[in-house]
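In order, the protein sequences belong to chains A and Y. Be aware that the first sequence starts at 69, since it is given in the numbering used here, and climbs by one per residue. Be aware that the second sequence starts at 69, since it is given in the numbering used here, and climbs by one per residue. Written below as structure tokens is the structure these notes are about.
There are 2 protein chains.
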Amino acid sequence: MNFYEKLDHITQKNKSFLCVGLDPDLKSLPDALSGKKNPFFEFNREIIDATADLVCSYKPQNAYYVAEGFERDLEMTFEYLNDTYPDVVTILDSKRGDIDSTAKQYARESFDRYRADSVTLNVYMGKDVITPFLEYENKGLFLLCKTSNPHGGDFQDLPIMGTQGEEPLYKHLARKVSKEWNQKSNLGLVVGGTYIDALKQIRQMDPDLPLLIPGLGAQGGDINQILETAKHLKNKRIIVNASRSIIYASKGADFAAKARQKALDYHNVMKSFI
Amino acid sequence: MNFYEKLDHITQKNKSFLCVGLDPDLKSLPDALSGKKNPFFEFNREIIDATADLVCSYKPQNAYYVAEGFERDLEMTFEYLNDTYPDVVTILDSKRGDIDSTAKQYARESFDRYRADSVTLNVYMGKDVITPFLEYENKGLFLLCKTSNPHGGDFQDLPIMGTQGEEPLYKHLARKVSKEWNQKSNLGLVVGGTYIDALKQIRQMDPDLPLLIPGLGAQGGDINQILETAKHLKNKRIIVNASRSIIYASKGADFAAKARQKALDYHNVMKSFI
């Protein structure tokens, strides 16, 4: 099963576009987990078990693990997901962007060490960034396009003269990915849920390209506006990420139950769009 | 001592622009190191001890360590450099680029966990990428600008309409860094040694901004052409990186001696420019 098929399958099976971002942070962990040997993994496992029937994807954010030297927790999280919920799409959010023999090492990290289904990449350095990753069959690559942060437009919104006249850099990038780079049908784009116009434009340009959409919840993206962009499309390949609003719904012993409740709220809205 | 002062000091002290890239790879390691507990660290230590009087900097490339799960070797390498050769500038080459609480975790990784003097960053996501890193006094940030790889121009060379008329994206980025972002005098740019014209243009725009210049040796950059760009400048803040041509000069038991010989060759050319 290739990456698009895996995504389509879990989206239909669980009637969900929801991705839960697994961004554990020592300061925010429930007290019940303090003193555990692999606290990030223990936390993730409870969140995963409480929400796995409501999601299409989990997305561990590399930064939180490497800041603490908790790579083992990250390995254990992917092992657990691969072994226990093999239908669910996993995304290693590491935003790698390097070239040549270096990019090859990052592809090995992503797909051999962690066995992620997909990874986020930053292609400022051009097509060379993705080349070694393309050698892995059935893996997906989400390329940063239009990001959800306040200064995301510093470069992404700069006007480029392209074949379609003047357009912002992010749209030029989306066009290149859609029309030139996606030869193996395994690419997708990261487009922030805080920029609905950008979402619509990219959807119109390529209705089948999977979109990873962060920005829900803490960052202020509106779920109904985001989901409208997926309406009436044959292949509803959108992955809508929420992290803090789910995983930190409670800091008490009920954190997993509260995470499920928050995920259910999102799921209730999403299922009517599928 | 701030980052620029540290760089100026070691450049003058060792009469060198040379940065040795510490990119160990299990397939290329000398046979003598096979079976060691921390082979990447053992390799690095011998390379470092053989070359420390000839360099201004060492640059471990994160990818090689994380592909193998050898983060401990990376920690040990920085510990060794900080303890044994505190004058020498260290660069963690991880090309991070994220925002908000995530970027903060990467800053903690770079400066608290590894205690690097500086780090490479990818600012496609805009100024938010560097904000948490700026909170660390006396640390340097090298932002990707014009990279040395064959498809580096896919986006970096796109024509942008700016205040100076039409110019390529990389030059627009260099201008923004030089004129707007470098308020704390701790930023630098990554400019490939394979693009001499770009080097000259950026040098003219800002003669004091440190440039990290990869591309020497295996990638084909010419050392004399690169060094010409630093001539006649008051503060000769260039860091010229070579990795494979030095660290893999020999696979035999003499690998450290051969690495020194190769570093000496570069040093002999460089010292006449300082």
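We put the CB at the ideal spot given by N, CA and C, even for glycine.
Counting C-beta pairs with one atom in each stretch, the segment 74-85 of chain Y and the segment 149-160 of chain Y have three or more that are closer than 8 Å, which means they touch.
Burial check for E177 (chain Y): the Cβ neighbour count within 10 Å reaches 16 or more, so the residue is buried. Between A131 (chain Y) and T170 (chain A) the beta-carbon gap is near 5 Å, inside 8 Å, which marks them as a contact.
Comparing C-alpha distances from P98 (chain Y) to each of Y:Y334, Y:D225, Y:V337, Y:I115 shows the shortest one belongs to Y:I115. Sequence-distant partners of A120 (chain Y) (beyond 5 residues in either direction) whose C-beta falls short of 7 Å from its own C-beta, in its chain, are Y153, V156. Here the segment 202-217 of chain Y lies against the segment 188-208 of chain A, with 3 or more beta-carbon pairs under 8 Å apart. Around the CB of A266 (chain A), 16 or more other CB atoms lie within 10 Å, so the residue is classed as buried.
When secondary structure is reduced to three states using DSSP, R305 (chain Y) falls in the coil class, being assigned neither helix nor strand.
Listed along the chain, the chain A residues whose CB falls inside 9 Å of the CB of I167 (chain Y) are T215, S216, N217, P218, H219, G220. Within chain Y, no C-beta atom comes less than 9 Å from the C-beta of R183 (chain A); the nearest is roughly 13 Å away. Listed along the chain, the chain Y residues whose CB falls inside 7 Å of the CB of K195 (chain A) are H219, D222. Sixteen is the threshold: when 16 or more other Cβ atoms of the shown chains lie within 10 Å of the Cβ of D222 (chain A), as they do, the residue is buried.
For S169 (chain A), no beta strand (DSSP E) segment is defined; the enclosing uninterrupted segment is the alpha helix (DSSP H) at 168-176. When the beta-carbon positions are compared, F210 (chain A) and G256 (chain A) come within less than 7 Å of each other. R183 (chain A) and V337 (chain A) have their alpha carbons spaced roughly 31 Å apart. Any Cβ of chain Y closer than 7 Å to the Cβ of I228 (chain A) would place that residue at the interface, and such an atom is present. No Cβ of chain A is located within less than 7 Å of the beta carbon of K95 (chain Y). Around A317 (chain A), no beta-carbon contact reaches into chain Y at under 7 Å, the shortest distance being about 17 Å. Residue contact with chain Y for T145 (chain A): absent (no Cβ-Cβ distance below 7 Å to any residue of chain Y).
With a threshold of 7 Å between beta carbons, Y174 (chain A) makes contact with chain Y. Each of Y:S186, Y:F201, Y:L202, Y:G220 was checked against the Cα of D196 (chain A), and the nearest Cα belongs to Y:G220. The C-beta distance from D185 (chain A) to G208 (chain A) rounds to 6 Å, short enough to meet the 8 Å contact threshold. Within its own chain, the residues whose Cβ lies closer than 7 Å to the Cβ of K74 (chain A), once the five positions on either side in sequence are excluded, are V157, D185, listed in chain order. With a 10 Å radius around the Cβ and a threshold of 16 neighbouring Cβ atoms, G283 (chain A) comes out buried. The shortest CA-to-CA distance from V308 (chain A) to any of A:R328, A:N150, A:Y334 is the one to A:Y334. When DSSP states are grouped into helix, strand and coil, Q129 (chain Y) belongs to the strand group. In the DSSP annotation of this structure, the continuous segment of the beta strand (DSSP E) that includes E234 (chain Y) starts and ends at 233-236. If you ignore the 5 residues before and after Y148 (chain Y), its C-beta comes within less than 8 Å of the C-beta of F109, N112, R113, I116, all in its own chain and listed in chain order. Across the structure, D225 (chain Y) and F138 (chain A) are spaced so that their CA atoms are roughly 38 Å apart. Taken through DSSP and simplified to helix, strand or coil, F71 (chain Y) comes out as helix. Note that the C-beta distance between I281 (chain A) and I306 (chain A) is below 7 Å. Neighbourhood of V134 (chain A) in chain Y, by CB distance below 7 Å: E177, in chain order. The alpha-carbon of N206 (chain Y) is positioned some 13 Å away from that of N250 (chain Y). Ranked by Cα distance from Q269 (chain A), the options A:S246, A:E136, A:I291, A:G288 are led by A:S246. For V337 (chain Y), the enclosing alpha helix (DSSP H) has its first and last residue at 323-339. For Q129 (chain A), at least one C-beta of chain Y is nearer than 7 Å to its own C-beta.
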